Amino acid sequence: MAAQNPMQAPGLTQATYPDAFPERNPLDRLRIYIADEISRILDVEKTLVFGGLDRAASLDSGDLLLAVPRLRIQGIKPGELAVKIASQFDLRLTSGQLKKPIADGIYVRFFIETKYGFNYLVPDILHESSQYGFNTSSGLLNRDEPTTGRKRMIVEFSSPNIAKRFHAGHVRSAIIGNFLSNLYEVSGYEVIRMNYLGDWGRQYGLLACGWKRYGDEDAFVKDPIGHLLEIYVKICADFEPEDKAYAAARDRGEDTAMLESQGVLGEAKANFKGMEDGDEEALKLWRKFRALSIENFKETYARLNISFTVYSGESGVLPETMEMAESVQAKLGLTEPFDGATCIDFKKHGAPKLSEAIVRNRNGTTSYLLRDIGAAIQREKEYSMDEMLYVVMNEQDVHLNRLFKSLELMGGEYTALSKKMKHITFGRVAGMSSRKGNVKFLDELITEVAEYMHNVMRKNNDKYEQIENPEQVAEHLGISAILVQDMSGKKIHDYDFDLERMTSFEGDTGPYLQYAHARLASIFRRIDITPAEMLNADFSSLENSTHAANLLRIMMRWPDMVAQTLKTLEANTILTYLFKLAHELSASYDHLRVVNPPEGRAVSAARAALYKAAQQVLRNGMGVLGLTPVDRM
Ligand SMILES: *[C@@H]1O[C@H](CO)[C@@H](O)[C@H](O)[C@H]1NC(C)=O
Ligand SMILES: *[C@@H]1O[C@H](CO)[C@@H](O)[C@H](O)[C@H]1NC(C)=O
Ligand SMILES: *[C@@H]1O[C@H](CO)[C@@H](O)[C@H](O)[C@H]1NC(C)=O
Ligand SMILES: *[C@@H]1O[C@H](CO)[C@@H](O)[C@H](O)[C@H]1NC(C)=O
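Residues -3 to 629 in the numbering used here are what the sequence shown spells out, letter by letter.
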């Protein structure tokens, strides 16, 4: 195809347009033609025109739209300039890809010549298939692709505590972090997916006490996290009277050192000290908790088709890294003593909103801030990443700003490191709990939504009997329901977890999106048009169909949507687009029959090619979001 494709004609002057991606983005190809031509007509800078060519909001108003004031031409009314552009625009130079532009007030509207779109774009999409819209040479998310020349991105996300279940914040972080990792991967980055576990601290000393009293090897192997939680609850109950006595003594102003060295607390402290001192016995137990927790997490992540490149954690931050950071801070006068602890008073360093934060506690232990500083410095050393995202709930906004600011204030290489770091913040989910109880275990939640979808599927017995693996399909549908609800708004917004709404087929839900895909799959099961027939179809029969044209014009936007999403970093940008495509598909079926149409096989082939391309775009979009498309439901 490529050689005769006018959309890839040698006339493209990409060198002039550093932001253009004409090999993969059809709208960029049009932008280049238009910018060249308008620059000729008005003698304005090409990149200025290029940057001013937006996607029109609705198909009725064009494919591309130029607001003439963006050309910043003085002395002539924008409306007059719009008329001048429209009347002097030489269509011959665009290889027949565009219709005559329309001047409309201060705007000039551009519409694609759909005939060319069908002939070149549809076969192109079929040809590029799982790469369409993406900047990758070997398909969606192929992690074996060579990494040379690619930017390296660390995405830190999910990051639960070991020996505990996920809370809703870890779940949302997993969903958003996985989407962002996919997005950067398909945009040509090498992505390191990092799970930074909460795996160090005195609570693991306490847990070890619990293990000695209540640990049961069989129960642990069967349900590691469940058993550890049980133990933890018991040991906390044992500890409670002591804790009260300790607090009371402290209130009375007594020395609590004696109390602290006794009982459960004394034992817990001794255990944790053993861990910190590298005592093999203490570490052995902790390693076991950690390893089995990770195995358990992996199973849950696998249900969501999420995997991590690396499980790191607080335990991996070396004391010497943190001491080194402290000495840099001390030398620069950033830190000061505060009630026996060391702190940074950000008010004195140009960041009054960050107030002050402890670096090292009074009792000599490290703060979260210091550990995160140490972790960032070690990552830089190990990975030399170009960028690093922290996908963490908005409760931690201040903490992350302190982290970035601390490094920035440390100067030199640390300032440079701070500039690579970015917080991806998000709002709260309310009510992410199972209907059976108030537990918030992700595993149970997925199972519950999947069961709900399974019941919905059973209602249509004819269809149900044809599904090979209904449990698997129900699981994919349930997960789609959860993910699509999560991604339906901007990520900063809070939302309510709503089982009824997310599982509905009415409205823009996960099941609706899956249905759009499965319906196409069902069409392809009922025809015998070969891939070669589709690639070489005669598209003239589609020329006068508004439905076909709309589908084409939406599909043409896909690479531009991916590029835009890399700017918004909102899954919602892609989701809204996919729903638009799904709605257009559903409106088109009555008009573009594929299965045995009266017009004959050639027409069927052209329509099949169009729908195959649409299905591919749906698949590519769902893949980036982390959804697994189903063929039957
Ligand atoms: C595509 O990825 C390559 C590296 O893999 C990068 O050099 C190039 O800038 C990327 N192109 C776009 C448009 O992002
Ligand atoms: C040390 O102090 C911090 C902050 O006050 C506290 O959270 C931590 O539990 C203490 N650690 C020990 C081992 O006492
Ligand atoms: C499309 O419409 C044009 C103009 O009305 C007509 O000449 C042409 O034959 C039509 N094409 C098809 C395939 O119906
Ligand atoms: C899981 O995700 C990978 C990319 O991370 C993708 O290639 C694969 O198709 C997905 N698997 C399923 C079953 O969706």
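The beta-carbon is built from N, C-alpha and C at its ideal position, and this holds for glycine as well. All values derive from a computational prediction rather than experimental measurement.
Other residues of its chain near I550: CB distance less than 7 Å, five sequence neighbours each side excluded: Counting only Cβ-Cβ distances below 7 Å, and skipping sequence neighbours, we find K576, L577, E580.
Who pairs with A372 in a beta bridge, going by DSSP? Per DSSP, none; premise fails for A372.
Secondary structure at K416, three-state DSSP: helix, strand or coil? Looking at K416 - three-state DSSP - the assignment turns out to be helix.
Quick check: is the beta carbon of I231 nearer than 8 Å to any beta carbon in chain B? The structure shown contains no chain B; it is built from a single protein chain.
Does ligand 6 have even one heavy atom less than 7 Å from the beta-carbon of E539? Ligand 6 is absent from the structure shown, which contains only ligand 1, ligand 2, ligand 3 and ligand 4.
Please identify the residue among Q93, Y103, G596 whose C-alpha is closest to the C-alpha of L62. L62 has its Cα closest to that of Y103, out of Q93, Y103, G596.
Enclosing beta strand (DSSP E) for A243 [first to last residue]: From DSSP, A243 is part of no beta strand (DSSP E) but of the alpha helix (DSSP H) over 220 to 247.
Would you tell me roughly how many angstroms separate the C-alpha atoms of I214 and P220, rounded to the nearest one? Sequence inspection shows Asp at residue 214; the Ile mentioned does not correspond to that position. Straight across, the Cα-Cα distance linking D214 with P220 is about 9 Å.
Looking at the unbroken beta strand (DSSP E) that takes in G637, where does it start and where does it end? Here the chain comprises residues numbered -3 to 629, so residue 637 is not present and cannot be evaluated.
Can we count S177 as close to ligand 1, meaning its CB is less than 7 Å from some heavy atom? Because no heavy atom of ligand 1 lies under 7 Å away, the Cβ of S177 does not count as near it: no.
Taking the alpha carbon of G145 as the reference point, which residue from V118, I171, S183 has its own alpha carbon closest? Out of V118, I171, S183, S183 has the C-alpha closest to the C-alpha of G145.
Whether L281 touches A204 by CB criterion (8 Å): In terms of Cβ geometry, L281 and A204 form a close pair [threshold 8 Å].
Burial state of R367, where buried means 16 or more other Cβ atoms lie within 10 Å: Around the CB of R367, 16 or more other CB atoms lie within 10 Å, so the residue is classed as buried.
Cutting at 6 Å between CB atoms, please list the residues of its own chain near G113, excluding the five before and the five after it. L548, listed in sequence order.
Quick one: does the C-beta of N131 sit closer than 7 Å to a heavy atom of ligand 1? Yes, ligand 1 has a heavy atom inside 7 Å of this Cβ.
Are the region 516 to 533 and the region 91 to 110 in contact at 8 Å, needing three or more beta carbon pairs? Not touching, per the Cβ criterion.
What did DSSP end up calling D627 once you bin it into helix, strand or coil? Correct three-state label for D627: coil.
Between the CA atoms of A412 and P6 - distance to the nearest angstrom: Any reading at P6 is ruled out, since the residue's pLDDT is 45, under 50, leaving its predicted position unreliable.
DSSP three-state call for E295: helix, strand or coil? Three-state result, E295: helix.
Taking 7 Å as the cut-off, does the CB of G47 come closer than this to any heavy atom belonging to ligand 1? Flag unset: Cβ of G47 not near ligand 1.
Under the three-state DSSP convention, the category P333 falls into: Three-state result, P333: strand.
Beta-carbon within less than 8 Å of R248's beta-carbon, same chain only, minus the 5 sequence neighbours each way: which residues are those? Here the set comprises nothing.
Which one of F107, D100, S83, K80 has the shortest CA to CA distance from G92? By alpha-carbon distance to G92, the top candidate from F107, D100, S83, K80 is F107.
Which ranges would you report for the alpha helix (DSSP H) in the region 512 to 588 if only whole runs of at least 4 residues count? Entirely contained in the region 512 to 588, the alpha helix (DSSP H) runs reaching 4 residues are, in chain order, 527 to 531, 542 to 552, 554 to 564, 567 to 584.
Let me make sure I understand the geometry here. Which of D494, Y511, D492, F493 has the alpha-carbon closest to that of F501? That would be Y511, whose Cα lies nearest to the Cα of F501.
DSSP state of N115 mapped onto helix, strand, coil: Secondary structure at N115: helix, using DSSP grouped into helix, strand and coil.
Secondary structure of G270, DSSP reduced to three states: Three-state result, G270: helix.
So what's V435 in DSSP terms, helix, strand or just coil? In this prediction, V435 scores a pLDDT of 48, lower than 50, which makes its location untrustworthy; the coordinate-derived value is nonetheless stated afterwards. V435 sits in coil when the DSSP states are folded into three classes, being neither helix nor strand.
Exposed or buried, what is R88 when buried is set at 16 or more other beta-carbons lying within 10 Å of its beta-carbon? Classification of R88: exposed, given that the 10 Å Cβ count is below 16.
Quick one: is R246 buried, meaning 16 or more other Cβ sit within 10 Å of its Cβ, or exposed? R246 is exposed by the Cβ-count criterion.
Tell me which same chain residues have a C-beta within less than 7 Å of the C-beta of S476, skipping the five on either side of it? Taking C-beta separations shorter than 7 Å and ignoring five residues to either side along the sequence, the partners of S476 in its chain run G506, P507, L509, Q510, L623, following chain order.
What are the boundary residues of the alpha helix (DSSP H) that includes A326? Segment 315 to 327, the alpha helix (DSSP H) holding A326.
Indicate, with yes or no, if ligand 3 has a heavy atom lying under 7 Å from the CB of S380. Proximity of the beta carbon of S380 to ligand 3 is not indicated: no heavy atom of the ligand is located closer than 7 Å.
Taking the beta carbon of A326 as the centre, do at least 16 other beta carbons fall within 10 Å, making it buried, or is it exposed? Using a 10 angstroms sphere on the CB of A326, the tally of other CB atoms stays under 16, which defines it as exposed.
Could you tell me which residues DSSP puts in a beta bridge with L193? According to the DSSP secondary-structure assignment, L193 is paired through a beta bridge with G309.
Please work out which residues of its chain come closer than 7 Å, Cβ to Cβ, to N457, disregarding the five sequence neighbours upstream and downstream, and give them in chain order. If we look at N457 and ignore the five residues flanking it on each side, it has no Cβ neighbours.
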